[in-house]
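S.K.: Residue 34 is where the sequence shown starts when you use the numbering used here, and the numbers rise one by one after that.
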Amino acid sequence: MKKNVFVCLLLFLTAFGFPVVAGIRLPAIFAENMVLQQRSRVAVWGWTGVGERVKVTCSWDKKSYPARGDASGYWRVMIPTPGASYTPHALVIRDGDESVTIGNVLVGEVWLCSGQSNMEMPMKGFSGQQPVEGGPRAIAGSRNPGIRCFTVARKSTIVPQTDCSGKWEIAGPETVPAFTATGYFFARLLNQALDVPVGLVHASWGGSRIEAWMSPASLSDIPEKTIPATDSDIKIANGSPAVLYNGMLHPIVGYGMRGAIWYQGEANRGEPDLYVKMFDRMVRGWRDLWGVGEFPLYYCQIAPYDYDGNLHSGYIREAQARGLETPNTGMAVLMDADSPKCIHPPKKQDAGERLALWALARTYGMEKMHYRSPEVKGVEVEGRVAIITFEMFGSTTGLTSYGKELLNFQVAGEDRRFYPAKAALSGNKVYLFAPAVAHPVAVRYCFDNTSPAELFSVEGNLPVSSFRTDKW
């Protein structure tokens, strides 16, 4: 009889929209093997009964931090974390007589990894003859309890989700084949250089557009992008505005982290001008949502690839370079990816490690490292010669073409017709001359789909991005 009364009560509460929570429930990201951001105040949250008191006890300080379930049973508490350590810790979440223990918790550096397929590409590679260069060797030597990855399962929706599917995996030959390759190489270099645990929170989807990862608020002044009204209105699962933010980022917003890395742009190559604005809004929007200040976001510029002559990628790479105008960002140039026929370059170690160089220099204070590709500082014309001067960002060793002839520079006069230019390299300057151009007014370098890098910094071996000095 009592059992029937209890069932009827549950049905009544559910029918009238009252929350019914049995005991403690935690989001998937708060689980065994997780990594918490060091020397910070990190959020821990979950659900319990309405009005129920919750205590979170941390093994490192033996203190308890209280919270209480709101009208939906949701609770949230901020806890201070110690310095990084490989010593496993535990969190105990207690609600009355019930408790949940999260074990094997490390404290270290946490980074969000997001974007489209070049971030999603796993260490084992993609099918269809798309390997990760050096992947097998890296996987074989990957056993390291100090590197861990949580991969968010794909979810596209207009409804902001409170939880996601995923689990924390410890790096090793059994798990690393499924890790994001760019993210893994990023984490591996940070772990080696800093000697601290590194946790990756990986949320990406192949072919996704930037607007899909943006919150509704960050899209508010971008009328070109309309958010679907219902799930049935979603025209592109990985491309409609806000749908991946709602399904994959919203559940983890607020999880303690140091910063984010981003590899995306191919899907938006047809709208470079708008991309500049959307990238800025996305970065600022994420920072507002996390509420921990102007955290760093380092990103990859897309690599050369043959798009069959359609909407050539020089323009989107130019737009991505303008992303550096958003404060506390950095761009890894991949012009030497050497993959003109595969949109997923196998050199993911270069991508991950170049992002890590930005983080080590700018976020972790190793500022004497050469981490930033040279960029055009100015253009001068002396008679029939155009002279490009490059900003070297602290390097005094200049530029190199490794002794090879520079073939990818073009010069135009006032008629706007570009001609191949002869190039001479000296220090941080390139001297250009085209016999058919009497009065140079514009220079372009690798400004097309597939031209590979020819020009590198001596220190750091970092390629110069494609560029143009005109706005034609």
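Virtual Cβ for every residue (Gly too), placed ideally from N, Cα, C.
What do you reckon, are the CB atoms on residue 292 and residue 144 nearer than 7 Å?
M.R.: Yes, these two residues count as a Cβ contact at 7 Å.
S.K.: How is the beta strand (DSSP E) around residue 230 delimited, first residue to last?
M.R.: Premise fails: residue 230 is in no beta strand (DSSP E) and is neither H nor E.
S.K.: Can you name, in chain order, every residue of its own chain whose Cβ lies under 7 Å from the Cβ of residue 58, other than the five neighbours on each side?
M.R.: For residue 58, where only same-chain residues beyond five positions count, the Cβ hits under 7 Å are 79 and 80.
S.K.: Could you give the DSSP three-state label for residue 353: helix, strand or coil?
M.R.: In the structure shown, residue 353 sits in a helix (DSSP, three-state: H, G or I).
S.K.: What is the DSSP secondary structure of residue 316, counted as helix, strand or coil?
M.R.: It is helical.
S.K.: Closest to residue 416 by CA distance: which of 395, 474 and 122 is it?
M.R.: Considering only alpha carbons, the answer is 474.
S.K.: 7 Å is my cut-off, CB to CB: does residue 261 come that close to chain C?
M.R.: Of the protein chains in the structure, only one exists, and it is not chain C.
S.K.: By a C-beta neighbour count over all protein chains shown, 10 Å radius and 16 as the cutoff for buried, is residue 141 buried or exposed?
M.R.: Result: buried.
S.K.: Can you tell me the Cα-Cα spacing of residue 296 and residue 254, whole angstroms?
M.R.: Each residue's alpha carbon lies about 24 Å from the other.
S.K.: I'd like the ranges of any beta strand (DSSP E) spanning at least 3 consecutive residues and lying wholly in the stretch 353-427.
M.R.: List check, beta strand (DSSP E) in window: 362-365, 408-415 and 418-424.
S.K.: Leaving out the 5 sequence neighbours to the left and right, which residues in its chain are closer than 6 Å to residue 87 when beta-carbon positions are compared?
M.R.: Counting only Cβ-Cβ distances below 6 Å, and skipping sequence neighbours, we find 81, 100, 108 and 128.
S.K.: Measure the C-alpha to C-alpha separation of residue 362 and residue 404 and round it to an integer number of angstroms.
M.R.: Their Cα atoms are separated by approximately 13 Å.
S.K.: Does DSSP put residue 219 in a helix, a strand or coil?
M.R.: It is helical.
S.K.: Three-state secondary structure (DSSP) at residue 73?
M.R.: Coil at residue 73, not helix or strand.
S.K.: Is residue 485 helix, strand or coil when you go by DSSP?
M.R.: Residue 485 falls in the coil class under three-state DSSP.
S.K.: Quick one: using the 10 Å Cβ neighbour count with 16 as the cut-off for buried, is residue 383 buried or exposed?
M.R.: It counts as buried.
S.K.: With 16 other CB atoms within 10 Å as the buried threshold, where does residue 246 fall?
M.R.: Buried: at least 16 other Cβ atoms inside 10 Å.
S.K.: Spatial neighbours of residue 249 within its chain, please: C-beta separation below 7 Å, excluding the five flanking residues on both sides.
M.R.: The residues are 260 and 275.
S.K.: Please report the distance separating the alpha-carbon of residue 121 from that of residue 264.
M.R.: When rounded, the distance between both Cα atoms is 42 Å.
S.K.: Is the CB-CB distance between residue 470 and residue 444 below 7 Å?
M.R.: Closer than 7 Å, so yes.
S.K.: Which complete beta strand (DSSP E) runs does the stretch 236-270 hold, if anything under 3 residues is left out?
M.R.: List check, beta strand (DSSP E) in window: nothing returned.
S.K.: Is residue 310 helix, strand or coil when you go by DSSP?
M.R.: Helix, per DSSP.
S.K.: Suppose contacts are defined by Cβ-Cβ distances below 7 Å. Is residue 482 in contact with residue 369 by that definition?
M.R.: Contact flag unset, no.
S.K.: Leaving out five residues on either side along the sequence, give the residues of the same chain with a beta carbon under 8 Å from the beta carbon of residue 243.
M.R.: Result list for residue 243: 297, 298, 300, 301, 308, 311, 312 and 315, in chain order.
S.K.: Could you tell me whether the Cβ atoms of residue 490 and residue 378 are closer together than 7 Å?
M.R.: Not in contact: residue 490 and residue 378 (Cβ atoms no closer than 7 Å).
S.K.: Given a threshold of 16 other Cβ atoms within 10 Å of its Cβ, counted over all protein chains shown, does residue 357 qualify as buried or as exposed?
M.R.: Residue 357 is exposed by the Cβ-count criterion.
S.K.: In angstroms with no decimal places, state the Cα-to-Cα distance between residue 181 and residue 217.
M.R.: Spanning the two alpha carbons is a distance of roughly 9 Å.
S.K.: Residue 447: buried (16+ other C-beta within 10 angstroms of its C-beta) or exposed?
M.R.: Exposed: under 16 other Cβ atoms inside 10 Å.
S.K.: Could you check where the alpha helix (DSSP H) with residue 169 kicks off and where it finishes?
M.R.: Residues 168-173.
S.K.: I'd like the ranges of any beta strand (DSSP E) spanning at least 3 consecutive residues and lying wholly in the stretch 151-216.
M.R.: Counting whole runs of 3 or more residues, the stretch 151-216 contains the beta strand (DSSP E) stretches 177-184 and 201-204.
S.K.: For residue 449, tell me which candidate among 409, 427, 426 and 505 has the shortest Cα-Cα distance.
M.R.: It is 505 whose Cα lies nearest to the Cα of residue 449.
S.K.: Can residue 148 and residue 237 be called in contact, C-beta distance under 7 Å?
M.R.: Yes, these two residues count as a Cβ contact at 7 Å.
S.K.: I think residue 279 touches residue 241, with their Cβ atoms under 8 Å apart; what is that distance to the nearest whole Å?
M.R.: 13 Å between Cβ atoms; not a contact.
S.K.: Which runs of the alpha helix (DSSP H) fall wholly inside the stretch 424-475 and span at least 4 residues, in chain order?
M.R.: Listed in chain order, nothing qualifies, since the stretch 424-475 has no complete alpha helix (DSSP H) run of 4 or more residues.
S.K.: Helix, strand or coil for residue 492 per DSSP?
M.R.: If DSSP states are grouped into helix, strand and coil, residue 492 belongs with coil.
S.K.: In whole angstroms, give me the CA-to-CA distance for residue 351 and residue 480.
M.R.: Rounded to whole angstroms, residue 351 to residue 480 spans 9 Å at the Cα level.
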